[in-house]
Amino acid sequence: MNSVSQTLGQAPSAHVYKNDVRRKLLLIVVFLILTVLAVITDLLCGSGTLPWHVALDGVFHPDQVSPMVHVVMWDLRMPVTITAVLSGIGLAIAGSLMQTVLDNPLAEPFTLGISSAAGFGAALVIVFQTSLVSFLPVDYLLTANAFIFSLVTVLFIGMFAARKGLSVEMIVMLGIAVHFIFSALLGLAQYVANVDQLQSLVFWMMGSLQKSTWTQVGINTVIIVLIVPILLLLSWQISALRGFGEQAQVLGISVARLRMLLLTFSALLASAITATIGVVGFIGLVAPHVARMLVGEDQRFTQLMTMIVGALIMTLSSIVSKMLIPGVILPIGMVTSLLGVPFFVWLVFGRSMGRR
Amino acid sequence: MLNVNELSVRIGRVDILKPVSFELAAGQSLALLGRNGAGKSTLVKGLAGLVKAKGDIQLGGVGLNSMTQKERSQVIGYVAQDFSSSNVRLSVFELLLLAQNSQNMQLRASPESLVLAQDMLNMLGLAHLSERMLNEMSGGQRQMVALALALIRKPKLLLLDEPTSALDLANQLQLLQTVRDYTQEQNITTLMVLHDLNLAHRFADQTMILESGNVSAFGDTHEVLTAEQIANSYGVHCEVFVGSDGSRSIHPLSAI
Numbered sequence: 001m002n003s004v005s006q007t008l009g010q011a012p013s014a015h016v017y018k019n020d021v022r023r024k025l026l027l028i029v030v031f032l033i034l035t036v037l038a039v040i041t042d043l044l045c046g047s048g049t050l051p052w053h054v055a056l057d058g059v060f061h062p063d064q065v066s067p068m069v070h071v072v073m074w075d076l077r078m079p080v081t082i083t084a085v086l087s088g089i090g091l092a093i094a095g096s097l098m099q100t101v102l103d104n105p106l107a108e109p110f111t112l113g114i115s116s117a118a119g120f121g122a123a124l125v126i127v128f129q130t131s132l133v134s135f136l137p138v139d140y141l142l143t144a145n146a147f148i149f150s151l152v153t154v155l156f157i158g159m160f161a162a163r164k165g166l167s168v169e170m171i172v173m174l175g176i177a178v179h180f181i182f183s184a185l186l187g188l189a190q191y192v193a194n195v196d197q198l199q200s201l202v203f204w205m206m207g208s209l210q211k212s213t214w215t216q217v218g219i220n221t222v223i224i225v226l227i228v229p230i231l232l233l234l235s236w237q238i239s240a241l242r243g244f245g246e247q248a249q250v251l252g253i254s255v256a257r258l259r260m261l262l263l264t265f266s267a268l269l270a271s272a273i274t275a276t277i278g279v280v281g282f283i284g285l286v287a288p289h290v291a292r293m294l295v296g297e298d299q300r301f302t303q304l305m306t307m308i309v310g311a312l313i314m315t316l317s318s319i320v321s322k323m324l325i326p327g328v329i330l331p332i333g334m335v336t337s338l339l340g341v342p343f344f345v346w347l348v349f350g351r352s353m354g355r356r
Numbered sequence: 001m002l003n004v005n006e007l008s009v010r011i012g013r014v015d016i017l018k019p020v021s022f023e024l025a026a027g028q029s030l031a032l033l034g035r036n037g038a039g040k041s042t043l044v045k046g047l048a049g050l051v052k053a054k055g056d057i058q059l060g061g062v063g064l065n066s067m068t069q070k071e072r073s074q075v076i077g078y079v080a081q082d083f084s085s086s087n088v089r090l091s092v093f094e095l096l097l098l099a100q101n102s103q104n105m106q107l108r109a110s111p112e113s114l115v116l117a118q119d120m121l122n123m124l125g126l127a128h129l130s131e132r133m134l135n136e137m138s139g140g141q142r143q144m145v146a147l148a149l150a151l152i153r154k155p156k157l158l159l160l161d162e163p164t165s166a167l168d169l170a171n172q173l174q175l176l177q178t179v180r181d182y183t184q185e186q187n188i189t190t191l192m193v194l195h196d197l198n199l200a201h202r203f204a205d206q207t208m209i210l211e212s213g214n215v216s217a218f219g220d221t222h223e224v225l226t227a228e229q230i231a232n233s234y235g236v237h238c239e240v241f242v243g244s245d246g247s248r249s250i251h252p253l254s255a256i
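Laid out in structure tokens, this is it:
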């Protein structure tokens, strides 16, 4: 073995690997720049008729514009755009974690019933005026209730599964069962709701960035800032879990503990985002796949790229939602689904046909 | 030196492995043989800590049961029977770095791990596969990669579960010769589940035959793999030929 030992300088594989790392980092920078451009474009687009140079002034020289422009840019557009970025990051990484934990490429943040649980939590407030946190100010009741229902649901599934030693397939089955229970309860709430309540509930379920406030931006920022660095530090372990599954134990990784931690992070992110903007599908499914295609599955790069791609898709969807019908802002959930469905179909059918 | 004392595994209500005790000196290889379902893979997984096992395992005088999963992982190398089913999009070089950095909490791969990965590729003749993704490789190539992943962590106990099941004849010989050389040079202990009795004859110092979770034979390979023992354990008549250089080969004749 000693005879073949080489120094790093003579090692062709290590050299190729280092070049590959540079290529991945360059791709990440390119997509980061694209996302920044999309964010600026999103800020300049709106349902009103504010000229782009005035909007730009409103962003970079807020003290030199009229109070109206200041309000439009800083109280209306800015929270919406930042929420688009944050929710893109949160949903994308939540989806990526769910795909890793459940070892299923078609898993997404809502696989374990988060969307229907959050929907029912919202319905309790909208239709029955009931909340688990009725001590909170009225403005936060809906968001808080949706958050608590979705988070508790996934954590319950995770803890039940951990205690009973359930397989990944059983966890998914349990998630499907929970999804149907909350869907039925949500259906009941819709059935007894009056016209106004029903409209509010349906609008909430469609997902919209327009409900964003600076407080919600703050809460989501804190959650993302706390979770993302930990995930990046765990990159090697997450790569091992993706690569070796249960056998990652042989590398000294506590697989059950890591799965539970990732499931908790995924639930926390998806619940916080869903409570803020409603149910927005496909970002959590699509972004991790795009990231994997671009930089492979070394999670040091995949996680970063997943977050950037999630933010980019969400911001582009936000732009489309404002531009598609002039003067009308479409629900973002509708746009992401319309953009995501073709990719989803390709993912399922294109790949299976390619395998034949 | 590996000392296994009363190791047993129960899954549900079934005793997959009944209490097994044996010793194996450092620098020696043990072939685990037996019919399907005899408990060979379970014994290996029990030693690796992948299934809950009762009993005491001492490696070089240190109890494995008292170790954390992390400590245990630093002394055990394991090649799984089903590693070839993994479809992850990681290159061979990335996998070799991952095997060494799995406990690393920094984003950068350690510089030593880059050197060791290159050495391992050269040692196993895998340098040409370095950039190949695991999901683009044949079953046999994946088995060679699995061995590289186990060896790169410099284990003191190497556990191989059917390491040659997807390999062609030349690669079977190459892999087992590499394992044997490594075992002797590094003075480690190796257990390998095999189905080919001739390969066991050629590459294992000791052989254990399991039947329904019990040890039916254990000892020096040439003493265990006799025509009589094979007939008892496998239900197959065979002839054992001894060559002029002392090497042995087994020719199966008919099922009993």
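In order, the protein sequences belong to chains A and B.
Sequential numbering from 1 applies to the first sequence in full-length UniProt numbering.
Sequential numbering from 1 applies to the second sequence in full-length UniProt numbering.
All C-beta atoms, glycine included, are put in the ideal place defined by N, C-alpha and C.
Query - Within chain B, partners of D298 (chain A) - CB distance below 7 Å - result: For this step, residue 298 (chain A) is matched to residue 298 along the first sequence. Within 7 Å Cβ-Cβ: L90 and E94.
Query - Length of the line joining the Cα atoms of R153 (chain B) and Q100 (chain B) - result: Position 153 of the second sequence, counted from the first residue, corresponds to residue 153 (chain B). Position 100 of the second sequence, counted from the first residue, corresponds to residue 100 (chain B). Going from the Cα of R153 (chain B) to the Cα of Q100 (chain B) covers about 6 Å.
Requested in this report: Can you have a look at N87 (chain B) and say buried or exposed, based on whether 16 or more other CB atoms are within 10 angstroms of its CB?
Outcome: Stepping through the second sequence from its first residue, residue 87 (chain B) is reached at position 87. Classification of N87 (chain B): exposed, given that the 10 Å Cβ count is below 16.
**Report entry** Other residues of its chain near G9 (chain A): CB distance less than 7 Å, five sequence neighbours each side excluded
**Finding:** Numbered from 1 along the first sequence, position 9 holds the residue referred to as residue 9 (chain A). Confidence is the limiting factor: at G9 (chain A) the pLDDT is only 43, short of 50, which leaves the residue's position unreliable, though a coordinate-based value still follows. If we look at G9 (chain A) and ignore the five residues flanking it on each side, it has no Cβ neighbours.
Requested in this report: Could you tell me whether the Cβ of G252 (chain A) comes closer than 8 Å to any Cβ of chain B?
Outcome: As a working mapping, residue 252 (chain A) is identified with position 252 in the first sequence. Taking Cβ atoms only, chain B reaches closer than 8 Å to G252 (chain A), which makes this a yes.
Requested in this report: Give the residues from the region 232 to 250 of chain A that approach chain B closer than 9 Å (Cβ to any Cβ), ordered along the chain.
Outcome: L232, L233, L234, S235, W236, Q237, S239, A240, R242, G243, F244, G245, E246, Q247, A248, Q249 and V250
Query raised in the report: Whose CA, out of B:L158, B:G12, B:D161 and B:I209, lies closest to the CA of H222 (chain B)?
Result: Taking the first residue of the second sequence as position 1, residue 222 (chain B) is located at position 222. The shortest C-alpha separation from H222 (chain B) is found at B:I209.
Requested in this report: Quick one: list the residues of chain A neighbouring E131 (chain B), beta-carbon separation under 9 Å, in chain order.
Outcome: Here residue 131 (chain B) is taken as the residue at index 131 of the second sequence, counted from 1. Those are S13, V16, Y17 and D20, listed as they occur along chain A.
Query - Member of A:A94, A:S116 and A:S13 whose CA lies at the smallest distance from the CA of I224 (chain A) - result: Looking up residue 224 (chain A) in the first sequence gives position 224. Of the listed residues, the one whose Cα sits closest to I224 (chain A) is A:A94.
Report task. Evaluate contact between the region 50 to 62 of chain B and the region 230 to 239 of chain B, counting only Cβ atoms and requiring at least three cross-stretch pairs below 8 Å. Result -> no
Query - Contained beta strand (DSSP E) runs [length at least 3] in the region 86 to 169 of chain A, N- to C-terminal order - result: none
Report task. Report the neighbours of R292 (chain A) on chain B: residues whose CB is nearer than 9 Å to its CB, in chain order. Result -> On the first sequence, residue 292 (chain A) is found 292 positions in, with the first residue counted as 1. Per Cβ cutoff of 9 Å: R89.
Query raised in the report: How is F241 (chain B) classed by DSSP in three states: helix, strand or coil?
Result: Counting from 1 along the second sequence, the entry for residue 241 (chain B) is found at position 241. Correct three-state label for F241 (chain B): strand.
Query raised in the report: Taking buried to mean at least 16 other C-beta atoms within 10 Å of its own C-beta, is D168 (chain B) buried or exposed?
Result: Here residue 168 (chain B) corresponds to residue number 168 of the second sequence, with the count starting at 1. That one is exposed.
Query raised in the report: Do A162 (chain A) and A256 (chain A) have their C-beta atoms within less than 8 Å of each other?
Result: Counting from 1 along the first sequence, the entry for residue 162 (chain A) is found at position 162. Counting from 1 along the first sequence, the entry for residue 256 (chain A) is found at position 256. Yes, they are a contact pair.
Query raised in the report: Out of A:N19, A:A14, A:P12 and A:K24, which has the shortest C-alpha to C-alpha gap to L294 (chain A)?
Result: Here residue 294 (chain A) corresponds to residue number 294 of the first sequence, with the count starting at 1. Looking at the Cα atoms, A:K24 is the closest of the given residues.
Query raised in the report: Quick one: any contact between the region 111 to 125 of chain B and the region 90 to 99 of chain B, if contact means 3 or more CB pairs under 8 Å?
Result: yes
Query raised in the report: Name the chain A residues whose beta carbon is nearer than 9 Å to that of A117 (chain B)?
Result: Here residue 117 (chain B) is taken as the residue at index 117 of the second sequence, counted from 1. What A117 (chain B) touches in chain A: A11, S13, A14 and Y17.
Requested in this report: Compute the distance between the beta-carbons of V92 (chain B) and S130 (chain B), then report whether it is under 8 Å.
Outcome: In the second sequence, residue 92 (chain B) corresponds to position 92, counting from 1. In the second sequence, residue 130 (chain B) corresponds to position 130, counting from 1. Yes; because the gap between Cβ atoms is below 8 Å, this pair is in contact.
Query raised in the report: What first and last residue would you give for the alpha helix (DSSP H) that runs through E223 (chain B)?
Result: As a first step, residue 223 (chain B) is located in the second sequence; it is residue number 223 there, counting from the start. Taken as a continuous stretch (DSSP letters only), the alpha helix (DSSP H) holding E223 (chain B) covers T221 to V224.
Query raised in the report: DSSP puts I40 (chain A) in a beta bridge; with which residues?
Result: For the purposes of this step, residue 40 (chain A) is identified with residue 40 of the first sequence, where counting begins at 1. Paired residues: none, contrary to the question.
Query raised in the report: Straight-line CA distance for F244 (chain A) to K156 (chain B)?
Result: For the purposes of this step, residue 244 (chain A) is taken as residue 244 along the first sequence, with counting starting at 1. For the purposes of this step, residue 156 (chain B) is taken as residue 156 along the second sequence, with counting starting at 1. If I take the Cα positions, the gap works out to 21 Å.
Query raised in the report: How would you label K45 (chain B), buried or exposed, when you count the other beta carbons within 10 angstroms and need 16 or more for buried?
Result: For the purposes of this step, residue 45 (chain B) is identified with residue 45 of the second sequence, where counting begins at 1. Answer is buried; the Cβ neighbour count reaches 16.
Query raised in the report: Distance, Cα to Cα, L176 (chain B) vs L199 (chain B)?
Result: Taking the second sequence and counting its residues from 1, the one referred to as residue 176 (chain B) is at position 176. Taking the second sequence and counting its residues from 1, the one referred to as residue 199 (chain B) is at position 199. Going by the C-alpha atoms only, they are around 8 Å apart.
**Report entry** Proximity test, Cβ basis, 8 Å: I230 (chain B) and chain A
**Finding:** Taking the second sequence and counting its residues from 1, one reaches residue 230 (chain B) at position 230. Answer no: the Cβ-Cβ gap between I230 (chain B) and chain A never drops below 8 Å.
Requested in this report: Just the C-alpha distance for L166 (chain A) and T306 (chain A), rounded to the nearest angstrom, thanks.
Outcome: Indexing the first sequence from 1 puts residue 166 (chain A) at position 166. Indexing the first sequence from 1 puts residue 306 (chain A) at position 306. Computed Cα separation, rounded: 28 Å.
Report task. Determine contact between the region 305 to 321 of chain A and the region 134 to 146 of chain A, defined as no fewer than three beta-carbon pairs at a distance below 8 Å. Result -> no
Requested in this report: Say whether the region 66 to 86 of chain A touches the region 209 to 229 of chain A, bearing in mind that this needs 3 or more beta-carbon pairs closer than 8 Å, one atom from each stretch.
Outcome: yes
Report task. Could you tell me whether any Cβ in chain B is nearer than 8 Å to the Cβ of R356 (chain A)? Result -> By 1-based counting over the first sequence, the position of residue 356 (chain A) is 356. Bear in mind that the predicted position of R356 (chain A) carries a pLDDT of just 47, short of 50, making it too unreliable to give a figure here.
Requested in this report: Can you grab the Cα-Cα spacing for the pair V133 (chain A) / G77 (chain B), in whole Å?
Outcome: Position 133 of the first sequence holds residue 133 (chain A). Position 77 of the second sequence holds residue 77 (chain B). V133 (chain A) and G77 (chain B): Cα-Cα distance of roughly 52 Å.
Requested in this report: From the DSSP output, in three-state form, read off H289 (chain A) for me.
Outcome: Taking the first sequence and counting its residues from 1, the one referred to as residue 289 (chain A) is at position 289. In the structure shown, H289 (chain A) sits in a helix (DSSP, three-state: H, G or I).
Report task. Count the other CB atoms, across all protein chains shown, that sit within 10 Å of the CB of F110 (chain A); report buried if there are 16 or more and exposed otherwise. Result -> Counting from one through the first sequence, the residue named residue 110 (chain A) turns up at place 110. Burial call: buried.
Query raised in the report: Would a C-beta distance cut-off of 8 Å place G119 (chain A) and G207 (chain A) closer than the cut-off?
Result: On the first sequence, position 119 is the one that residue 119 (chain A) refers to. On the first sequence, position 207 is the one that residue 207 (chain A) refers to. Result no, Cβ atoms of G119 (chain A) and G207 (chain A) do not sit closer than 8 Å.
Query raised in the report: Based on the DSSP output, what are the partners of Q58 (chain B) in its beta bridges?
Result: Mapped onto the second sequence, residue 58 (chain B) falls at position 58. For Q58 (chain B), which the question treats as bridged, DSSP gives the partners B:N3 and B:G63.
Query - Residues that A127 (chain B) contacts on chain A, provided the C-beta gap is smaller than 9 Å - result: For the purposes of this step, residue 127 (chain B) is identified with residue 127 of the second sequence, where counting begins at 1. Within chain A, the residues near A127 (chain B) are P12 and S13.
Report task. Figure out for me which residue from A:V202, A:T100 and A:L338 has the closest Cα to the Cα of T264 (chain A). Result -> By one-based count along the first sequence, residue 264 (chain A) stands at place 264. Among A:V202, A:T100 and A:L338, the Cα nearest to that of T264 (chain A) belongs to A:T100.
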